[in-house]
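K.L.:
What follows is the structure, encoded as structure tokens:
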């Protein structure tokens with residue numbers, strides 16, 4: 001439709017200008033709405049991307065902690081096995097002596113006693129160390145406070 005026919009159909013120039021103005025206003029509103037939707041969409045995409053990256057970082061941290069925990073358990077199991085083996089060996093020797101003699105009491109050699117004592121002490125220290133690590137990771141360590149005289153210690157160890 002030509003502009004002349006459109007102007008006649010719109011009842012003159014005023015009608016034409018009024019309808020043209022209304023149509024431009026609708027186009028501007030549509031443009032603003034589309035721009036705000038596009039801006040909102042960009043904002044949502046940015047937020048989603050940030051959440052995904054945060055999730056990836058959290059997942060990496062969790063896997064890293066899990067790997068460290070597995071390594072700690074493996075080392076702890078190995079360290080616990082080391083003192084248990086000699087204790088079990090000595091206990092089996094004692095059991096064998098009970099079975100061979102048929103007695104209710106036997107004489108324990110000092111050497112065997114020292115093996116048991118040394119390794120049970122080692123087990124106790126390992127258990128304490130594991131509990132200390134657990135307390136530190138729980139952020140509840142217990143500290144031993146001791147009073148001492150500084151001048152006394154410095155006299156014994158001069159600079």
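Residue numbers (the numbering used here): 1 to 159. We put the CB at the ideal spot given by N, CA and C, even for glycine.
Suppose you measure from the CA of residue 96 to the CA of residue 135; what does that come to, to the nearest Å?
P.N.:
Taking the straight line from one Cα to the other gives about 42 Å.
K.L.:
Give the straight-line distance between the Cα atoms of residue 107 and residue 93, rounded to the nearest whole angstrom.
P.N.:
Roughly 12 Å between the two C-alpha positions.
K.L.:
So what's residue 114 in DSSP terms, helix, strand or just coil?
P.N.:
If DSSP states are grouped into helix, strand and coil, residue 114 belongs with the helices.
K.L.:
Could you check what DSSP says for residue 139 in three-state terms: helix, strand or coil?
P.N.:
The answer is coil: DSSP assigns residue 139 none of H, G, I, E or B.
K.L.:
Look up residue 104 in the DSSP assignment and say whether it is helix, strand or coil.
P.N.:
Residue 104 falls in the coil class under three-state DSSP.
K.L.:
Would you report the Cα separation of residue 47 and residue 54, rounded to the nearest angstrom?
P.N.:
Approximately 10 Å, taken between the alpha carbons.
K.L.:
Let me confirm a value: residue 90 is counted as buried when at least 16 other C-beta atoms fall within 10 Å, else exposed. Which label applies?
P.N.:
With 16 or more Cβ atoms within 10 Å of its Cβ, residue 90 is classed as buried.
K.L.:
Helix, strand or coil: how does DSSP classify residue 144 here?
P.N.:
Here residue 144 sits in coil by DSSP.
K.L.:
Taking the CB atoms as reference points, tell me whether residue 160 and residue 116 lie closer together than 8 Å.
P.N.:
Because the chain is modelled from 1 through 159, residue 160 falls outside the range shown and cannot be assessed.
K.L.:
Do you know offhand how far residue 131's Cα is from residue 113's?
P.N.:
Cα-Cα distance, rounded: 27 Å.
K.L.:
Decide if the region 71 to 82 is in contact with the region 123 to 130; the criterion is three or more beta carbon pairs, one per stretch, under 8 Å apart.
P.N.:
In short, these stretches touch, since the Cβ pair count reaches three.
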